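A short worksheet on the structure shown next.
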Amino acid sequence: MSSAYVESYVVDGNELVAIGEASTKIKAVLKMLGISSDLIRRAAIVAYEAEMNLVIHGGGGSMSLEVGPGSIKILAVDTGPGIPDINKAMTEGFSTASDKIREMGFGAGMGLPNIKRNSDNFELTSEVGKGTTLKSEILLQKT
Amino acid sequence: MSLGIAVRHSACRRCTKCIRSCPTRAMRIFQGMVRVDDELCMGCGECIRVCPWKAIEVRQDSWDTIRKNQNLLLTADPSFYVQTGSSGRTGALQDSLTRLGFEDISDYISTAYDLAALAIGRQINERKPEELPLISTYCPAVLRLIQLNHPELIRHLVGVESPLEIGIDYWRNTTGRGESVALIAPCPAMSQLQSLPAGRVKSNFDHVVIIRQVIRTLISEGMAGNELPRSFERHGRWLMWALHGGETRHIAATMGRPLTSIVATGIRNVQDLLNELELGRLGCVEYLECRMCDQGCLGGVATSESRFMSLVRLQNLNINWTLNKEERERLLELYATDLWRFSAPIQALEQKSLSGDIQEAMTRLRKMNEIYTTLPGIDCGSCGHPSCRAMAEDLARGEGEITNCIFKLKERITDLSTQIFELCGKNPETPTSLREHEIDGREGVQE
Numbered sequence: 555m556s557s558a559y560v561e562s563y564v565v566d567g568n569e570l571v572a573i574g575e576a577s578t579k580i581k582a583v584l585k586m587l588g589i590s591s592d593l594i595r596r597a598a599i600v601a602y603e604a605e606m607n608l609v610i611h612g613g614g615g616s617m618s619l620e621v622g623p624g625s626i627k628i629l630a631v632d633t634g635p636g637i638p639d640i641n642k643a644m645t646e647g648f649s650t651a652s653d654k655i656r657e658m659g660f661g662a663g664m665g666l667p668n669i670k671r672n673s674d675n676f677e678l679t680s681e682v683g684k685g686t687t688l689k690s691e692i693l694l695q696k697t
Numbered sequence: 003m004s005l006g007i008a009v010r011h012s013a014c015r016r017c018t019k020c021i022r023s024c025p026t027r028a029m030r031i032f033q034g035m036v037r038v039d040d041e042l043c044m045g046c047g048e049c050i051r052v053c054p055w056k057a058i059e060v061r062q063d064s065w066d067t068i069r070k071n072q073n074l075l076l077t078a079d080p081s082f083y084v085q086t087g088s089s090g091r092t093g094a095l096q097d098s099l100t101r102l103g104f105e106d107i108s109d110y111i112s113t114a115y116d117l118a119a120l121a122i123g124r125q126i127n128e129r130k131p132e133e134l135p136l137i138s139t140y141c142p143a144v145l146r147l148i149q150l151n152h153p154e155l156i157r158h159l160v161g162v163e164s165p166l167e168i169g170i171d172y173w174r175n176t177t178g179r180g181e182s183v184a185l186i187a188p189c190p191a192m193s194q195l196q197s198l199p200a201g202r203v204k205s206n207f208d209h210v211v212i213i214r215q216v217i218r219t220l221i222s223e224g225m226a227g228n229e230l231p232r233s234f235e236r237h238g239r240w241l242m243w244a245l246h247g248g249e250t251r252h253i254a255a256t257m258g259r260p261l262t263s264i265v266a267t268g269i270r271n272v273q274d275l276l277n278e279l280e281l282g283r284l285g286c287v288e289y290l291e292c293r294m295c296d297q298g299c300l301g302g303v304a305t306s307e308s309r310f311m312s313l314v315r316l317q318n319l320n321i322n323w324t325l326n327k328e329e330r331e332r333l334l335e336l337y338a339t340d341l342w343r344f345s346a347p348i349q350a351l352e353q354k355s356l357s358g359d360i361q362e363a364m365t366r367l368r369k370m371n372e373i374y375t376t377l378p379g380i381d382c383g384s385c386g387h388p389s390c391r392a393m394a395e396d397l398a399r400g401e402g403e404i405t406n407c408i409f410k411l412k413e414r415i416t417d418l419s420t421q422i423f424e425l426c427g428k429n430p431e432t433p434t435s436l437r438e439h440e441i442d443g444r445e446g447v448q449e
């Protein structure tokens, strides 16, 4: 029988210091499942950037990890302000992060392009005023 | 001698401090004995620092045997040379070793450090910007941490051998001699070089002794000098590798330009920095100098002097960072010989997954999560596992028993005693009561 392993995480939008908690957990789970280190590295980058977006833009939200069959899926959902122009948001260097966030070293506008680069399948849907949903899939075995 | 640390079971009180302090969770208490997983131990010496009973020590060979051996070459880690002396001055410890009858080969070693610095600088220059930063391989504990927990960063490791090893190779090649060599080491990780050489098949070191052991002898015999030999001030660049930032400065000096580097010392800083690199957040940085001990090798667990005092001594040295023309020419010749290059690849150490089969691993992971939610979560260590999570993980692998947890044991006892109490309240139809009933009945008939 082949089934998926699912875990979900709540990301607190007010906790800038806790950034990276969910992605650290995701990395630990993948390690214990014996996923190869290159895939773990890619999944960790996706998870970390997605988590940062939740905190910085989405005002918090939820993340989930689904492993198998055949792929690692990372889902990040928020009910924040939404993205008015997805194409623009996907441009390297484009960022709407506040000065406070930039002072902390984030908001360089590399997050979304970085997630896309490390995913095999990538889907971003957003509605202004409603929220944003990000889906990333990394295949366990490339065909 | 296989690994860097040894447990003296007679002194161990099973207080669990060591198993809880281990950054790679390499320690367990099993059947009343502290066990170290050789695969996971990186030789950082954290367990030695926290043990209140002095029950854990750095593995070393007998100093008495080494010092009596006239056919032995003795070489020391740079941190050795700043262990004694009045404030701001360094003891002439090389002279002390010479007086014990050991030959001074520090010129070879110092040249090897110059060579290593030059080779690292070349490797940095040869890499494309997106392949940077390179990570120093000088601290064997950091190297092992990367092999264990960050296999994907192995491609960032600089491919230059330990200058201590290069120095011995250089000495052997130049003199054609083949005596055994002993290393004076500041920590378990350096002492581990002997059994687990980095980037080469066999280490040059046949014996290892720790700094504290040697210094103790020198002090007790009144042989720890107070002045630094002049040659050390002139060529003292290599001593600075014992200090955080010294390696970077040496590399930058050979490159003739400033180096964008991050220096991280102490376990937590090193772990944080490696995590950040893994997430691709260290753009524009060219080099990472990581040392597992606070302040660098001066903070090694097997040193004898306060790391703050040895730091002051190193900082007060008047180091000449510029290589003269003659030195540079000699180095370029040596560079061409590839003496410095890794001859064996650095490989990832197998990750400890729950199972080789992903479906089985998922089943075990679910089981582990289930077990974990029932554990108290206070990480007391009484069960012999380093944390509740580690216990849940071990149990999911089928190692250990749930009742090793004193809280679970108490629950089991409570359950059992409740059952016993309930049983006590029952009035069973025992043969005795049956007989009384029958007797009563018979009596009734008789009446």
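First to last, the sequence lines map onto chains P and H.
If you're matching positions, the first sequence starts at 555 in this note's numbering and goes up one per residue.
If you're matching positions, the second sequence starts at 3 in this note's numbering and goes up one per residue.
For every residue, glycine included, the Cβ atom is placed at its ideal position computed from N, Cα and C.
All figures in this text were calculated on a predicted structure; none of them were measured in a lab.
So is residue 334 of chain H buried or exposed if we call it buried at 16+ other beta carbons inside 10 Å?
exposed
Let's test the definition: count the other Cβ atoms within 10 Å of the Cβ of residue 419 of chain H and tell me whether it reaches 16, buried, or not, exposed.
exposed
Can you tell me which of the three DSSP states residue 409 of chain H falls into?
helix
Nearest-angstrom Cβ-Cβ length linking residue 95 of chain H and residue 83 of chain H, presumed shorter than 8 Å:
5 Å
Can you find the residues in the same chain that come closer than 6 Å, C-beta to C-beta, to residue 1 of chain H, ignoring five residues on each side of it along the sequence?
Any question about residue 1 of chain H goes unanswered here, given that chain H covers just 3 to 449.
Report yes or no: do three or more beta-carbon pairs, one from the region 604-614 of chain P and one from the region 623-633 of chain P, lie closer than 8 Å?
yes
Segment contact flag, the region 110-122 of chain H with the region 267-287 of chain H, C-beta cutoff 8 Å, min 3 pairs:
no
Report the option in H:80, H:109, H:135, H:186 whose CA atom is closest to the CA atom of residue 173 of chain H.
H:109
Boundaries (first-last residue) of the alpha helix (DSSP H) holding residue 583 of chain P
575-586 is the span of the alpha helix (DSSP H), which, as asked, contains residue 583 of chain P.
With 16 as the cutoff for other CB atoms within 10 Å, does residue 11 of chain H come out buried or exposed?
With fewer than 16 Cβ atoms within 10 Å of its Cβ, residue 11 of chain H is classed as exposed.
From residue 597 of chain P to residue 674 of chain P, what distance separates their C-alpha atoms?
Using only the alpha carbons, I get a separation of about 11 Å.
Sorted by chain position, which residues of the same chain lie with C-beta nearer than 7 Å to residue 105 of chain H's C-beta, five sequence neighbours on each side aside?
Contacts found: 75.
Residues of chain B with CB under 8 Å from residue 592 of chain P, in chain order?
Checking the listed chains, one finds no chain B in this structure; the protein chains it contains are P and H.
Measure the alpha-carbon distance for residue 81 of chain H versus residue 185 of chain H and round it to whole angstroms.
12 Å
Below 8 Å between beta carbons: does that hold for residue 286 of chain H and residue 266 of chain H?
Between residue 286 of chain H and residue 266 of chain H, the C-beta gap is not smaller than 8 Å, which leaves the two residues out of contact.
Compute the Euclidean distance between the alpha carbons of residue 194 of chain H and residue 79 of chain H, then round it to the nearest angstrom.
13 Å
Which word fits residue 642 of chain P, buried or exposed, when buried means at least 16 other C-beta atoms lie within 10 angstroms of its C-beta?
Using a 10 angstroms sphere on the CB of residue 642 of chain P, the tally of other CB atoms stays under 16, which defines it as exposed.
Can you check whether the C-beta of residue 379 of chain H is within less than 8 Å of a C-beta belonging to chain P?
no
As a quick exercise: from H:307, H:310, H:261, pick the residue whose alpha carbon is nearest that of residue 514 of chain H.
It is not possible to answer for residue 514 of chain H, since the shown part of chain H is limited to 3 through 449.
For chain P, is any of its Cβ atoms less than 8 Å away from the one on residue 44 of chain H?
no
Kindly list the residues whose CB is nearer than 6 Å to the CB of residue 676 of chain P, restricted to its own chain and excluding five residues on each side of it in sequence; keep chain order.
670, 690
When the cut-off is 8 Å and only beta carbons count, does residue 585 of chain P lie next to chain H?
At a cut-off of 8 Å between beta-carbon atoms, residue 585 of chain P makes contact with chain H.
For residue 53 of chain H, which three-state DSSP category applies?
In the structure shown, residue 53 of chain H sits in coil (DSSP, three-state: anything other than H, G, I, E or B).
Please list, in chain order, the chain H residues whose beta carbon lies closer than 7 Å to that of residue 599 of chain P.
281, 282
For the beta strand (DSSP E) that residue 292 of chain H lies in, which residues bound it at each end?
289-293 is the extent of the beta strand (DSSP E) around residue 292 of chain H.
Start-to-end residues for the beta strand (DSSP E) that takes in residue 97 of chain H:
Unbroken run through residue 97 of chain H is the alpha helix (DSSP H), 95-101; no beta strand (DSSP E).
Cut-off 6 Å between Cβ atoms - residues of its own chain near residue 14 of chain H, not counting five sequence neighbours on either side
A distance below 6 Å between beta-carbons, with the five flanking residues on each side excluded, links residue 14 of chain H to the following residues of its chain, in chain order: 36, 57.
Mind checking if residue 358 of chain H is an interface residue toward chain P, Cβ cutoff 8 Å exclusive?
yes
Just reading off the beta strand (DSSP E) that residue 310 of chain H is part of, what are its end residues?
Looking at the DSSP string, residue 310 of chain H is not in any beta strand (DSSP E); the run it does join, the alpha helix (DSSP H), is 309-317.
Rounded to the nearest angstrom, how far is the Cβ of residue 125 of chain H from that of residue 162 of chain H, given a contact under 8 Å?
About 7 Å separates the beta carbons of residue 125 of chain H and residue 162 of chain H, which is inside the 8 Å limit, making them a contact pair.
Taking the beta carbon of residue 26 of chain H as the centre, do at least 16 other beta carbons fall within 10 Å, making it buried, or is it exposed?
buried
In the DSSP assignment, the alpha helix (DSSP H) including residue 205 of chain H goes from what residue to what residue?
Premise fails: residue 205 of chain H is in no alpha helix (DSSP H) and is neither H nor E.
Min CB distance residue 641 of chain P to chain H below 8 Å:
no
Out of H:336, H:273, H:330, H:28, state which residue places its alpha-carbon closest to the alpha-carbon of residue 255 of chain H.
H:330
Which residues in the same chain as residue 89 of chain H place their Cβ atom closer than 6 Å to its Cβ, once the five residues preceding and following it in sequence are excluded?
Low confidence applies to residue 89 of chain H: its pLDDT is 43, below 50, so where it sits in the model is not reliable enough to give any reading.
Taking Cβ to Cβ, would you say residue 187 of chain H is nearer than 8 Å to residue 145 of chain H?
No; because the gap between Cβ atoms is not below 8 Å, this pair is not in contact.
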